[in-house]
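Asks:
Residue numbers (the working numbering): -8 to 85.
Laid out in C-alpha coordinates, this is it:
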(Lines of atoms letter the chains of each structure in order from A and count residues from 1; the text may use other names and numbers.)
(Lines give C-alpha, C1' and ligand atoms only; values in the text may rest on other atoms or scores of the structure.)
Protein backbone atom coordinates (compact mmCIF):
# COMPACT_ATOMS: atom_id res chain seq x y z
CA UNK A 1 0.00 0.00 0.00
CA UNK A 2 2.81 2.41 0.87
CA UNK A 3 4.43 1.63 -2.47
CA UNK A 4 1.24 2.53 -4.35
CA UNK A 5 0.85 5.76 -2.40
CA UNK A 6 4.46 6.75 -3.07
CA UNK A 7 3.99 5.98 -6.77
CA UNK A 8 0.80 8.03 -6.89
CA UNK A 9 2.46 10.99 -5.18
CA UNK A 10 5.47 10.81 -7.49
CA UNK A 11 3.32 10.71 -10.63
CA UNK A 12 1.25 13.64 -9.36
CA UNK A 13 4.41 15.65 -8.74
CA UNK A 14 5.78 14.88 -12.22
CA UNK A 15 2.48 15.80 -13.88
CA UNK A 16 2.19 19.04 -11.90
CA UNK A 17 5.79 19.96 -12.67
CA UNK A 18 5.27 19.32 -16.38
CA UNK A 19 2.14 21.49 -16.43
CA UNK A 20 3.93 24.30 -14.60
CA UNK A 21 6.84 24.15 -17.04
CA UNK A 22 4.43 24.23 -19.96
CA UNK A 23 2.74 27.38 -18.64
CA UNK A 24 6.06 29.17 -18.18
CA UNK A 25 7.57 28.20 -21.52
CA UNK A 26 8.54 31.04 -23.81
CA UNK A 27 5.93 32.34 -26.22
CA UNK A 28 6.32 31.42 -29.89
CA UNK A 29 7.34 34.63 -31.64
CA UNK A 30 6.71 33.29 -35.11
CA UNK A 31 3.16 32.21 -34.31
CA UNK A 32 2.39 35.57 -32.71
CA UNK A 33 3.94 37.39 -35.67
CA UNK A 34 2.11 35.33 -38.25
CA UNK A 35 -1.24 35.77 -36.51
CA UNK A 36 -1.07 39.57 -36.28
CA UNK A 37 1.60 41.03 -38.56
CA UNK A 38 0.94 39.11 -41.76
CA UNK A 39 -2.57 40.52 -41.91
CA UNK A 40 -1.03 43.88 -42.85
CA UNK A 41 2.14 43.02 -44.72
CA UNK A 42 4.30 40.16 -45.91
CA UNK A 43 7.83 39.39 -44.73
CA UNK A 44 9.35 41.19 -47.73
CA UNK A 45 9.14 44.46 -45.79
CA UNK A 46 11.88 43.17 -43.51
CA UNK A 47 14.33 42.37 -46.29
CA UNK A 48 13.82 45.24 -48.73
CA UNK A 49 16.83 47.48 -49.30
CA UNK A 50 15.16 50.61 -47.91
CA UNK A 51 13.78 49.14 -44.68
CA UNK A 52 13.60 51.67 -41.84
CA UNK A 53 14.70 49.42 -39.00
CA UNK A 54 18.45 49.79 -38.49
CA UNK A 55 18.98 48.53 -34.92
CA UNK A 56 17.54 46.17 -32.34
CA UNK A 57 16.14 49.15 -30.43
CA UNK A 58 14.44 50.43 -33.60
CA UNK A 59 13.02 46.95 -34.22
CA UNK A 60 11.52 46.84 -30.72
CA UNK A 61 10.08 50.32 -31.23
CA UNK A 62 8.56 49.34 -34.59
CA UNK A 63 6.95 46.20 -33.15
CA UNK A 64 5.47 48.25 -30.30
CA UNK A 65 4.11 50.83 -32.77
CA UNK A 66 2.48 48.12 -34.87
CA UNK A 67 0.99 46.52 -31.76
CA UNK A 68 -0.75 49.76 -30.84
CA UNK A 69 -1.80 50.49 -34.41
CA UNK A 70 -2.67 48.19 -37.26
CA UNK A 71 -1.91 44.85 -35.59
CA UNK A 72 -3.99 45.60 -32.50
CA UNK A 73 -1.94 43.04 -30.60
CA UNK A 74 -2.41 42.77 -26.85
CA UNK A 75 0.94 41.11 -26.28
CA UNK A 76 2.57 41.13 -22.89
CA UNK A 77 6.28 41.92 -22.48
CA UNK A 78 7.37 38.30 -22.98
CA UNK A 79 5.28 37.94 -26.14
CA UNK A 80 6.57 41.22 -27.54
CA UNK A 81 10.14 40.13 -26.85
CA UNK A 82 9.45 36.79 -28.54
CA UNK A 83 8.26 38.57 -31.70
CA UNK A 84 11.26 40.91 -31.68
CA UNK A 85 13.61 37.95 -31.15
CA UNK A 86 11.94 36.03 -33.98
CA UNK A 87 12.23 38.96 -36.40
CA UNK A 88 15.81 39.63 -35.41
CA UNK A 89 16.87 35.99 -35.73
CA UNK A 90 14.99 35.34 -38.97
CA UNK A 91 15.48 38.62 -40.83
CA UNK A 92 17.56 41.37 -39.25
CA UNK A 93 20.42 39.76 -37.27
CA UNK A 94 21.46 42.79 -35.20
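Virtual Cβ for every residue (Gly too), placed ideally from N, Cα, C. On a predicted model such as this, the values are computed, not experimentally measured, just so you know.
Could you say which of 83, 61, 46, 52 lies nearest to residue 71 if we only look at CA atoms?
Replies: If we check each option's Cα against that of residue 71, 52 comes out closest.
Asks: Sorted by chain position, which residues of the same chain lie with C-beta nearer than 7 Å to residue 73's C-beta, five sequence neighbours on each side aside?
Replies: Closer than 7 Å at Cβ, skipping near neighbours: 17, 18, 19, 20, 23.
Asks: Tell me which residue opens and which closes the alpha helix (DSSP H) that residue 56 is part of.
Replies: Where residue 56 is concerned, the enclosing alpha helix (DSSP H) stretches over 47 to 59.
Asks: Put residue 17 into one of helix, strand or coil per three-state DSSP.
Replies: Coil.
Asks: How many angstroms separate the CA atom of residue 48 from the CA atom of residue 57?
Replies: Taking the straight line joining both Cα atoms gives about 14 Å.
Asks: Starting from the Cα of residue 32, find the closest Cα among 50, 41, 40, 61 and give me that residue.
Replies: The shortest C-alpha separation from residue 32 is found at 61.
Asks: Rank 50, 65, 30, 69 by C-alpha distance to the C-alpha of residue 80 and give the top, closest one.
Replies: Here the closest residue by C-alpha is 50.
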